[in-house]
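**Student:** Per the working numbering, numbering through the sequence shown is continuous, rising by one, with the last residue being 138.
Every residue gets a Cβ at the ideal spot worked out from N, C-alpha and C, and that includes glycine.
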Amino acid sequence: MVVCLIAIVQTYIKYKYDQKNKNVPMIIQVILIIISILSGILTFKSWFDILPVASLVFYTLSVLQSKEKNFRLYTLGKVCGWIIYDFYAKAYTGFIFYICILLSTIIAIIRYDIKQESVIKVCEES
């Protein structure tokens with residue numbers, strides 16, 4: 013629950029800066045990551061609890077990206093953490109949800125990052 017509340021605040025902060033066509037200042041980014049880690053320390057019960065915190069840090073990094081390619085790469089890290097966590101927690105609905113996000117992210121990476129880069133290289137060589 014704490015992870016979700018922090019993610020909501022992070023998303024709202026990013027949204028407000030995007031409205032002004034500005035990047036989130038580095039100090040705010042660092043504070044958000046520290047808050048994510050502190051939430052994990054305060055709610056830590058077992059090593060298993062590290063996965064949501066790691067996923068939250070990846071989420072923070074992904075939301076703060078201005079380049080879509082970087083967003084997709086950080087999303088992979090976030091999704092993998094949640095897939096493992098949901099599987100072992102027997103939260104199968106969340107597990108299936110994150111599998112779908114993983115597949116769509118992989119498709120987007122192939123479609124927009126890998127294929128598009130190879131097309132650009134071919135055009136530059138011609």
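#1: What are the boundary residues of the alpha helix (DSSP H) that includes F70?
#2: Check for me: the alpha helix (DSSP H) holding R84 runs from which residue to which?
#3: At the level of alpha carbons, what is the spacing between A19 and E129?
#4: Touching or not, the stretch 82-92 and the stretch 34-47, by the rule of three or more beta carbon pairs under 8 angstroms?
#5: Here's the rule I'm using: 16 or more other beta-carbon atoms within 10 Å means buried, otherwise exposed. How should K26 be labelled?
#6: Measuring straight from C-alpha to C-alpha, what distance separates V14 and A66?
#7: Quick check on DSSP: helix, strand or coil for K34?
#8: Assuming contact is defined by CB atoms lying nearer than 8 angstroms, are G52 and I43 in contact in what I supplied?
#9: Just mark I122 as buried or exposed, buried being the case when its beta carbon has 16 or more other beta carbons within 10 Å.
**Tutor:** Short version:
#1: Annotation for F70: the continuous alpha helix (DSSP H) segment containing it runs 62-75.
#2: Run containing R84: 80-100, per the alpha helix (DSSP H) assignment.
#3: Distance between the alpha carbons of A19 and E129: 32 angstroms.
#4: With the cut-off at 8 angstroms, the stretch 82-92 and the stretch 34-47 do not touch.
#5: Buried, since its Cβ has 16 or more Cβ neighbours within 10 Å.
#6: One C-alpha to the other measures close to 13 angstroms.
#7: In the displayed model, K34 falls within coil according to three-state DSSP, outside both helix and strand.
#8: Going by C-beta atoms, G52 is not nearer than 8 angstroms to I43.
#9: That one is exposed.
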